[in-house]
Structures are given as structure tokens and as C-alpha cells.
Amino acid sequence: MVSLWNPLPQTFVRMLGGGSSIASELKALLAHDAVKPILDQQGVSEVLALGPSRTPGNGVFKWIHELRAAHVGTLDRRGFKTWRYWDVKSRAHTETLEKTAQTVRALLVDAVERQLVSDVPIGTFLSGGVDSSAITAIAANYLKKHKNQRLPTFSIDYEDNAHYFKESTFQPNSDADFIGKMVEAHNTEHYTYILDNKTLAELLKEAVEYRDLPGMADVDSSLLWFCQKTKNEVTVALSGECADEIFGGYPWFYREEDLKREGFPWIRSADIRTRLLTKEWQEKLDLHAYMLKSYQETIDATPKFEGDSESETKRREMFYLNMHWFMPTLLDRKDRMSMGASFEARVPFSDPRLVEYVWNIPWEMKNYQGREKGILRKALEDLIPEDILYRKKSPYPKTHHPAYTEAVVEWMERILDDPDARLFELFDKEAIRELVATKGEEIDAPWFGQLMKGPQLLAYLAQVDYWLRKYDVVIEK
1 MVSLWNPLPQ TFVRMLGGGS SIASELKALL AHDAVKPILD QQGVSEVLAL
51 GPSRTPGNGV FKWIHELRAA HVGTLDRRGF KTWRYWDVKS RAHTETLEKT
101 AQTVRALLVD AVERQLVSDV PIGTFLSGGV DSSAITAIAA NYLKKHKNQR
151 LPTFSIDYED NAHYFKESTF QPNSDADFIG KMVEAHNTEH YTYILDNKTL
201 AELLKEAVEY RDLPGMADVD SSLLWFCQKT KNEVTVALSG ECADEIFGGY
251 PWFYREEDLK REGFPWIRSA DIRTRLLTKE WQEKLDLHAY MLKSYQETID
301 ATPKFEGDSE SETKRREMFY LNMHWFMPTL LDRKDRMSMG ASFEARVPFS
351 DPRLVEYVWN IPWEMKNYQG REKGILRKAL EDLIPEDILY RKKSPYPKTH
401 HPAYTEAVVE WMERILDDPD ARLFELFDKE AIRELVATKG EEIDAPWFGQ
451 LMKGPQLLAY LAQVDYWLRK YDVVIEK
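Per the UniProt record's numbering: the sequence shown = residues 1 to 477.
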């Protein structure tokens, strides 16, 4: 078995007494009579300490393994063995700034154009950010030149979102104006889909069933709906994931406190998660230690270069963490939600040749002119409108409407009133009741990633309860 660097789809393996089972989805393995959905202490730690991410290679359920991206796996009577066949290699970067920008552009153009090959209708997701705009511009130019066609582009927004939008460090402005500039600049055939908050909340359960695990709450369910709507026009779309992980787009790449801090910068909630647990599980688990162990193993595996300064080494470690943890989490989300809609999403920024090249570009070039993804912006000069070229990074759009929070709170209240609720096998009921009573407002900073605050924590907890019931999970104590 071989798992490509771009890990779509995954392969899960379950060792059985007289053989093994292999599937691309957990639900397919769990359908086997001999495979039981058992969650041991390690599995509980995966869901509670790292979720909605998980350790690469860990299938969460007991005795289930995942074949990691860029690995080969063999099965024989002695068991399941894996080894890595590809990884980035650290070496000196010797090209000038201008040559580096030219190479980045050439590699990206080639990756996009190769991924435009399709025997079904194809388009691009467009958020008005640098990454999706770059892909859109390259694709639009290619289709116009080679096929005399307009490129279909697609964006998502939420009902009344402009009214409730709140600027933050992670989300400094809304997308609509920037999308309009790209559509006008490249004459795309554009579709904007407006998602209502009732549907957004209702799809949280369906999103769990496509992940087979609790997921990224409305960040998942909105993408599922978006892919369902987009499929009315095209069957394949190119998307901008992975640019932030390889070029350094997230705030934690340049904030000194994040570079000095031990632990994943997108998981800041071990204390919050722990205090919500029952006393029994608080005594059994050390969520912070489990998270730190996973973090340190990745730091230790980072390919080092003797010529790097101490600060450059720290940056390499941060990039490696993102490439092996945050990026696979987002790719898993993209794959599961798009496939749930019978839709294909492609990610040109994950092209291995581009990843290999960008890995060795020094931070002072990546952060050219003190801007996140500065070298990428320079590479895109004259390709996308200047307003977008120098737009501060803004993540995937999320709802700010209180109606979504109310819907999630109502779901959690039903769980609190349900004598058959599974959630309280892990979590303290009164601690959860207090959190629900405040509508999660005490969680005013992201507890995971950039977008997931109080309402998303409530939704994640509700998804955990649904998952435990739907999959009839057995929790080993």
C-alpha cells in the first residue's frame, strides 16, 4: 500500500485475528462484524486532547491504524509495518529574491494547470484571499487562452453575516468586496451561495457521519453544504488550502510568543478541556502531557540544516508542525466533506515539487517586506489586483450570526435533559451545564485553529455525543 504525500483519500487498517481489513473510511472497517468501535484511553486522549485533529497514523479506535501520507505500508503475518518514502530535505537556499519569486510562480502555475485537466466541468473556490485568487487567476487565464472559456468561480457567505461581522486578529475583514474585484479582473462566471444558520446547524450531524469522528463543527458543515451547492454547476473545484502551511500565513509563524511556546499554537485549550471532564477522567488523563508528547515527537523529527540560525531552526520546526498536523486536518476536512457531496476538491498548493522548493526558502524571503506569505505575494505581482495582493490574511469564512449559537445551545440543552446522553460518560454534567448557560461566551479566543470559539466548542461537544451514540462507541475505562 502506498499513501501519496497529498493525503486524499486516507487508508485505514484493522488487524484481525486471522488477517486484516483495509478501507478508505472508518465506517467501512466498522461495518465488519469482527471490528468493534472501541475507544481506549489513547483514543479518548486523541478526541479530547487533540481533536478535531489527531495524531498522524492514529485511527482513534482501538487496533485501527492509518497509513500516513508519504508512507508505504506492508501487511504480513507479523503485522502492519510502515516506512516513509518521501519527506522534505533541508539544504541551503542559494537563489536570489527575484529568481525565487519566479520559481515559485512557475511551480504554482504548473501545478494549477496540471490540475485543470478534467473530463467533467471544473471551477475554483474563491474567497477573495491571496491563495484562492492566485489559483483563480491562473485557471482563468489558462481556460481563456487554451479553451476560450470563462472560469466558473464559487464563494460562500452566511445569512445576514455583514450585519453581525466582528473584526478580529484572525479575521480582519469580510470577503465580499475582494471577491468582486477578482471576478471583475478575470471575468469569471461567479456564483455566491448564502447559507442560513438553521441549515448550518442541522448539517453538524451529517458532517460527523462523513468524518466518522467529531469534527470542526460549522467549519465542516458549511463546507459540506457549499460542495453540495457547487456540484449543481461543476464536479471539480480547485481550492487554496496548504498555502498558509508552506508559505507561513498564520499568525503563529511570526508571533514571538508562539515560536517560544511549547505545544501546538492552534491548540490552546488543554486546561479548558480538562476542567470539563468528570473527576474520574481528570485523574486518568493528562491532556496537556499527551498533547506535548505529540508535539515534541514532531519537533524531534524535523529535518534540520546545520547552516540554520537558532531562529531559522525554530521556524523550520513550526513549518514542519503545520505540514504534519494542521494541514492534514484541513485536507481531511476538505476530502471528507467534498466526497460527502460526491464532489472533488483539488489543492494545487500541496504539489510536492512546490512544497519541496518552498521548504528551504529562508524566513526573511518568505516574510518579504514583513508580510505574511511575502514571497508568494511577490511571485503573484501583475497577476491579481493589488488590493488583494496586499490584503491581510483572512481565514475561511464563518458565521457571526447569533441564530447559529442559539441552535447549538438548544441542541446542548436537549443533551443535558436526555437521560440516555453519552456525553456525560466523559464530561461533568454540571460543568457542561454552566458552559451552555453562558452560550460559551467565556471562550472568547479560538480553542482550536483560528475560528473555533465558544459556539464551536458547544457544537464539538454535541458532535461528540452524537458520534458516541451513532457509532455505538464502547469506552474502555
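Think of the CB as a built atom: it goes at the ideal place given N, C-alpha and C, for glycine as much as any other residue.
- Task: With A421 as the anchor, note down where its beta strand (DSSP E) starts and where it stops.
- Result: No beta strand (DSSP E) holds A421; DSSP gives it neither H nor E.
- Message: Determine whether the beta carbon atoms of T188 and R150 lie at a separation below 8 angstroms.
- Response: yes
- Boundaries (first-last residue) of the alpha helix (DSSP H) holding P455: G454 to K470
- Message: Tell me the rounded alpha-carbon separation between F326 and S53.
- Response: 7 angstroms
- Query: Is A92 helix, strand or coil when you go by DSSP?
  - Reply: coil
- Do the CB positions of G215 and Q463 come within less than 8 angstroms of each other? yes
- Where K81 sits in the DSSP three-state scheme: strand
- Would you check if the distance between the CB atom of H400 and the CB atom of E159 is smaller than 8 angstroms? no
- Residue interval of the beta strand (DSSP E) (run including D76): H71 to D76
- Item | Beta-carbon proximity list for T235, same chain, < 7 angstroms, skipping 5 on both sides | V120, P121, F343 and E344
- Sheet register partners of A122 (DSSP bridge): With the sequence shown as reference, residue 122 is identified as Ile, and Ala is not the correct amino acid for it. Answer is V236.
- If you pair each beta-carbon of the region 174-185 with each one of the region 375-383, do three or more pairs fall below 8 angstroms? no
- Task: Flag this pair as yes or no: are the beta carbons of T230 and M182 separated by less than 8 angstroms?
- Result: no
- Buried versus exposed, by CB contacts within 10 Å (16 or more), D271: exposed
- Could you check how far apart the C-beta atoms of Y85 and V72 are, in whole angstroms? I think they sit under 8 angstroms. 5 angstroms
- Message: For T11 and L67, which I take to be in contact (beta-carbon distance under 8 angstroms), what is that distance rounded to the nearest angstrom?
- Response: 4 angstroms
- Going by DSSP, which residues form a beta bridge with P152? E189
- So, are the CB atoms of G240 and F125 less than 8 angstroms apart? yes
- Message: With a threshold of 6 angstroms on Cβ separation, who are the neighbours of V347 within its own chain once the five nearest residues in sequence on each side are excluded?
- Response: S239, E241 and C242
- Who are the near neighbours of Y404 in its chain, counting only those whose CB is closer than 7 angstroms to its CB and skipping five residues on each side? N197, L200, A201, D218 and P455
- Message: Using the Cβ count rule (16 or more neighbours within 10 Å means buried), how would you classify I194?
- Response: exposed
- Query: Roughly how far, in whole angstroms, is the beta-carbon of K470 from the beta-carbon of V109, given that I think they are within contact range, below 8 angstroms?
  - Reply: Incorrect: roughly 44 angstroms between the Cβ atoms, too far for contact.
- Thinking I415 and V44 are a contact (beta carbons under 8 angstroms), I'd like their distance in whole angstroms, please. Between V44 and I415 the Cβ distance is about 18 angstroms, and since that is not below 8 angstroms, they are no contact.
- Query: If you run the structure through DSSP and keep just helix, strand and coil, what is I388?
  - Reply: helix
- Task: Would you decide whether T96 is buried or exposed? Buried here means 16 or more other CB atoms lie within 10 Å of its CB.
- Result: exposed
- Between the CA atoms of K145 and N58 - distance to the nearest angstrom: 45 angstroms
- Kindly identify the DSSP beta-bridge partner or partners of I267. F448
- If you scan the region 281-352 from start to end, which runs of the alpha helix (DSSP H) of 4 or more residues do you find wholly inside it? 287-301, 310-321 and 327-340
- From P251, S294, M291 and W363, pick the residue whose C-alpha is nearest to that of P446; which is it? P251
- Query: Contact check, R273 vs L287 under 8 angstroms by CB: the rounded distance?
  - Reply: 6 angstroms
- Query: Quick one: is R391 buried, meaning 16 or more other Cβ sit within 10 Å of its Cβ, or exposed?
  - Reply: buried
- Message: What does the alpha-carbon distance come out to for the pair K366 and N161?
- Response: 33 angstroms
- Task: If I'm right that V408 touches V88 with Cβ under 8 angstroms, what's the distance once you round it to whole angstroms?
- Result: At roughly 39 angstroms, the Cβ-Cβ gap does not stay under 8 angstroms, so V408 and V88 are not in contact.
- Could you work out which residue in F424, P395 and T302 is closest to W281 when comparing CA atoms only? F424
- What is the rounded straight-line gap between the Cα of E46 and the Cα of D220? 19 angstroms
- Message: From the DSSP secondary-structure annotation, give me the bridge partner or partners of V44.
- Response: In the DSSP output, where bridge partners are listed per residue, V44 has none listed.
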